[in-house]
Each structure stands twice: as structure tokens, then as C-alpha cells.
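What follows is a short report on a single structure.
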Amino acid sequence: MPASERIPTRSVTVSDTDLLTRGELAVQGRIREASNAVLLCTVTHAGRAASCVYKPVAGERPLWDFPDGNLARREVAAYEVSEALGWSLVPPTVLRDGPYGEGMCQLWIDQPEEPSEGAELLALVEGEQPGDGWKAVGFAEVGEGRTALLVHADDVRLRRLAVLDAVINNGDRKGGHLLVDAEGRLFGIDHGVSFNTADKLRTLLWGWAGEPLTGEATDALKALTGALGAGKPLALRLAELITEDELDAVRARVDAMLTTGKHREPSGEWPAIPWPPV
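Numbering (my numbering), first residue to last: 1468 to 1745.
Here it is, written out as C-alpha cells:
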């Protein structure tokens, strides 16, 4: 059985987005580590209740390089593209009104307190080679004049996420933005600084840079090309969330990846790795 068939993907039900869109939000507290306002909430509707994250637009800090749209809409756009690729790598995410106005509302992903054996996705290792099952990212300073090799797992879930990040031009794929639930499903979060028209891809998932895309990725990108056609539901939805130029840039990035048949490589015009990396 191919590795891609052994890795679970989340089958998003209509009730997930319906709950987030129509449910009553109750703020439980603020996640203080975030640079923008991020509120932990419960959402209830029709007998269902779940935890979620609510990021009101009013709590966003303006960014010089994202003059159009807003971060909340970009987060929703990332979810829409993830679903179109068929990998459900972004938790269910909607745009809605809440206690502090319009904002992004995203289903909370519970993570096991004790990760399963072999579940590590990122590591710092001695030496100059990543070792079996790992892909090298680059060297990092670890104090006292020492360096270590930063690596990520050679994992089909991360490889899918690397493709998604390249499509949406994610400017901030940190280690802390990778979540794995109790069933082993991988999710990426925090996609507010995505979809810029300029090449701003910053990620820890450079291990496949320049390598051929998998057949699975090629098929998913071809399907995405069709879904991004003028008048298609996805194209119409994204036009509500990002600018026309940004939507054209998504199409151009997908076309470029299909033309080269390879994973994206750093452009050299923008820092390739986010800081801090975790």
C-alpha cells in the first residue's frame, strides 16, 4: 500500500462548518502568545458544542506588506484551497461575526499529551547529514558557538503541506504551526500572512526543494487548476477573500509548479526560514 494511503486525512463534515458559522460563540480566554488577538471560545449549535479559535479583524496588527484584504480572510482562503487539494490540512475555518465583530473562526485541534513514538516532525541533530527518515533544512546556532542541523521528517503529511504552502505563498510556516491530533492527522494553522503577490514563501519544510513532485501532488494541482477557472465555485469564493491580483498569483504559482514538475525552491529574494523557527 502506498504511504499516502496509510496516512489518515480528515474528512470534514458539513456539520463542522455549519457549527462554526451558525453556532453561538462564548469567549473562554485569550491565547497570549499570539501577536494578534486570538481568543479561545466554545461554539454551540443544534446540540453540538466544540472548542474553536476566534480571531477578530479588530484585533489584527496592520502589516506593511499586506495592504489589501485582511488576515482573517486569508486564513479562510487557505482552508478553501486546502479542501480543493483534497488533503484537509487546515482545520475547518469560516468567516463570521462574533463578540468583537467579523473574524476568522477555526475548529480547535486537540493534541495528545503524550505524542506517539516516532511522531516527531522536527529535530536538531549533530553532524552534516540528516539520517534515514529525515530531510535537511539547514544549520542553526544552538549556543556556545555550536551549530546543529535542523531537519524535518520525510513524511507524506509534511510533503503535502509543503505543496499547499507553495500554492498559497505562506510567509510563516513555523514548527509551532504544525498540529497532530490523536489519530495522527496533521494540520497546519496560522495562514494570515499568505497569498501575497510577491514571493514570500518562508517555511521549515524545504527538505524537498527542487525534487520532483509526487504523482499525488501533480494530480491534486491539476484538479486545483480546474477549480480555479473563471466562474468556478472556488474561484468565486476566493475572489471574496483575496484580491484579483492575488488570485491570479495563485493560478500562476500552480501553473509554474506543474510546468517544472518540482517542489518550490527558495527565491533568494526573501528570508527562506521564518524567525523564530518554532
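The C-beta atom is built at its ideal place from N, Cα and C for all residues, glycine as well.
Cutoff 6 Å; reference residue i; Cβ partners in own chain excluding five residues on either side
i       : result
Gly1638 : Val1660, Lys1667, Arg1669
Glu1547 : Arg1704
Arg1489 : His1512
Leu1538 : Glu1527, Gly1659
Glu1608 : Thr1614
Ala1684 : Val1630
Arg1497 : Leu1506
Tyr1754 : Any property of residue 1754 remains undetermined from this structure, which presents the chain solely from 1468 to 1745.
Gly1682 : none
Thr1692 : Val1721
Leu1628 : Leu1556, Gly1655
Residues bridged to residue i (per DSSP)
i       : result
Asp1748 : Given a span of 1468 to 1745 for the chain in the structure shown, any question on residue 1748 remains unanswerable.
Ala1586 : Answer is none; Ala1586 lacks a bridge partner.
Ala1730 : Here the sequence assigns His to residue 1730, which means Ala is not the residue at that position. BP columns for His1730 are empty, so no partner.
Phe1606 : Leu1616
Ala1493 : Thr1509
Leu1574 : Cys1519
Boundaries (first-last residue) of the alpha helix (DSSP H) holding residue i
i       : result
Glu1542 : 1538 to 1552
Ala1487 : Note that residue 1487 is Leu in the sequence shown, not Ala. Looking at the DSSP string, the run of the alpha helix (DSSP H) that includes Leu1487 is 1481 to 1489.
Ala1634 : Looking at the sequence provided, one finds Val at residue 1634 rather than Ala. From DSSP, the alpha helix (DSSP H) with Val1634 extends over 1623 to 1635.
Span of the beta strand (DSSP E) around residue i
i       : result
Arg1592 : Inspection of the sequence shows that residue 1592 is occupied by Val rather than by Arg. 1589 to 1592 is the extent of the beta strand (DSSP E) around Val1592.
Pro1597 : Pro1597 -> no beta strand (DSSP E), and no H or E assigned at all.
Leu1646 : 1645 to 1647
Own chain residues within Cβ distance below 8 Å of residue i, not counting five before or after
i       : result
Val1618 : Leu1589, Ala1590, Leu1591, Val1592, Pro1597, Gly1598, Trp1601, Lys1602, Ala1603, Val1604, Gly1674
Leu1671 : Leu1589, Val1604, Leu1617, His1619, Arg1640, Lys1641, Gly1642, Ile1740, Pro1741, Pro1744
Leu1708 : Gly1536, Arg1540, Arg1541, Val1543, Ala1544, Glu1547, Leu1562
Glu1680 : Before going on, a small fix: residue 1680 reads as Leu here, not Glu. Closer than 8 Å at the Cβ level, and outside the excluded window around Leu1680, lie Val1630, Leu1688, Met1724, Gly1728, Lys1729, His1730.
Pro1700 : Ala1694
Gly1812 : Beyond the ends of the chain as shown, which are 1468 and 1745, falls residue 1812; an answer cannot be given.
Ala1690 : Ala1551, Leu1552, Gly1553
Nearest-angstrom beta carbon gap, residue j and residue i [assumed within contact, 8 Å]
i       : j       : result
Asp1657 : Pro1559 : Not a contact, Cβ separation roughly 15 Å.
Glu1491 : Val1524 : 20 Å between Cβ atoms; not a contact.
Ala1687 : Leu1552 : 5 Å
Ala1586 : Val1623 : Contact flag wrong, Cβ pair sits at about 14 Å.
Cys1519 : Gln1573 : 6 Å
Ala1716 : Thr1664 : 5 Å
Ala1517 : Trp1575 : 7 Å
Leu1530 : Phe1654 : Contact flag wrong, Cβ pair sits at about 24 Å.
Val1634 : Val1494 : About 33 Å separates the two Cβ atoms, so there is no contact after all.
Phe1662 : Glu1580 : Wrong, their Cβ atoms sit about 34 Å apart, outside the cutoff.
Residue i beta carbon near the ligand GDP (any heavy atom closer than 7 Å)
i       : result
Ser1482 : The ligand content of the structure shown is nil, which means the ligand GDP is not present either.
Close-in-space but distant-in-sequence residues of the same chain around residue i (CB under 7 Å, 5 per side omitted)
i       : result
Gly1565 : Leu1492, Tyr1521, Pro1523, Cys1572
Glu1736 : Asp1666
Gly1696 : Ala1702
His1644 : Gly1655, Ile1656, Asp1657
Leu1486 : Val1510, His1512, Arg1515, Ala1517
Ser1549 : Ser1555, Leu1556, Val1557, Leu1631
Ser1734 : Asp1666
Glu1595 : Leu1616
Ser1502 : Arg1528
What ranges does the beta strand (DSSP E) occupy inside the segment 1652 to 1720, keeping only unbroken runs of at least 3 residues that lie completely in it? 1653 to 1655
Please list the segments of the beta strand (DSSP E) lying wholly inside the segment 1499 to 1537, counting only runs of 3 or more residues, in order along the chain. 1506 to 1512, 1515 to 1523
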